[in-house]
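The structure appears below as structure tokens.
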Amino acid sequence: GGESASTIHLGAGQSFAISKSMALRWDFSWNFYQPTAEVLVNNELVEKKSNHDDLYLSLGMSFFFPEATYR
Numbered sequence: 020g021g022e023s024a025s026t027i028h029l030g031a032g033q034s035f036a037i038s039k040s041m042a043l044r045w046d047f048s049w050n051f052y053q054p055t056a057e058v059l060v061n062n063e064l065v066e067k068k069s070n071h072d073d074l075y076l077s078l079g080m081s082f083f084f085p086e087a088t089y090r
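Below you can see the structure in the form of structure tokens.
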């Protein structure tokens, strides 16, 4: 136990401008990894690999100081 596992990470997100000084944003992420864990089977510790998925959805608001100017 206590070993590190590699992960595959995929994500997408977008920002929506509300004004020149403010924006809303969202991000969606998916992590996939296969850790090895010690499991008790018939009173004996056995190492077992299992698949894990993590899905994240985050929402946020951004403020720009000074506000954005047009080019």
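Quick note, this note's numbering runs 19 ahead of the 1-based positions in the sequence shown. Every residue gets a Cβ at the ideal spot worked out from N, C-alpha and C, and that includes glycine.
Checklist line | C-beta contact flag for E66 and T55 at 8 Å | finding: By 1-based counting over the sequence shown, the position of residue 66 is 47. By 1-based counting over the sequence shown, the position of residue 55 is 36. Yes, they are a contact pair.
Notebook entry, point to check: Tell me the DSSP bridge mates of S34?
Noted result: What you label residue 34 is simply residue 15 of the sequence shown in a count that begins at 1. DSSP lists R44 as partners of S34.
Margin query: Short of 6 Å in beta carbon distance, which residues of its chain neighbour S77, apart from the five on each side in sequence? Order them along the chain.
Written below: By 1-based counting over the sequence shown, the position of residue 77 is 58. D46.
Notebook entry, point to check: Just the Cα atoms here: how many angstroms apart are S38 and A31?
Noted result: Against the sequence shown, residue 38 aligns to sequence position 19. Against the sequence shown, residue 31 aligns to sequence position 12. If you take the alpha carbons of S38 and A31, they lie about 22 Å apart.
Checklist line | Candidates F51, S25, L43, S69: closest to Q33 by CA position | finding: Numbered from 1 along the sequence shown, position 14 holds the residue referred to as residue 33. When only C-alpha atoms are compared, the closest one is L43.
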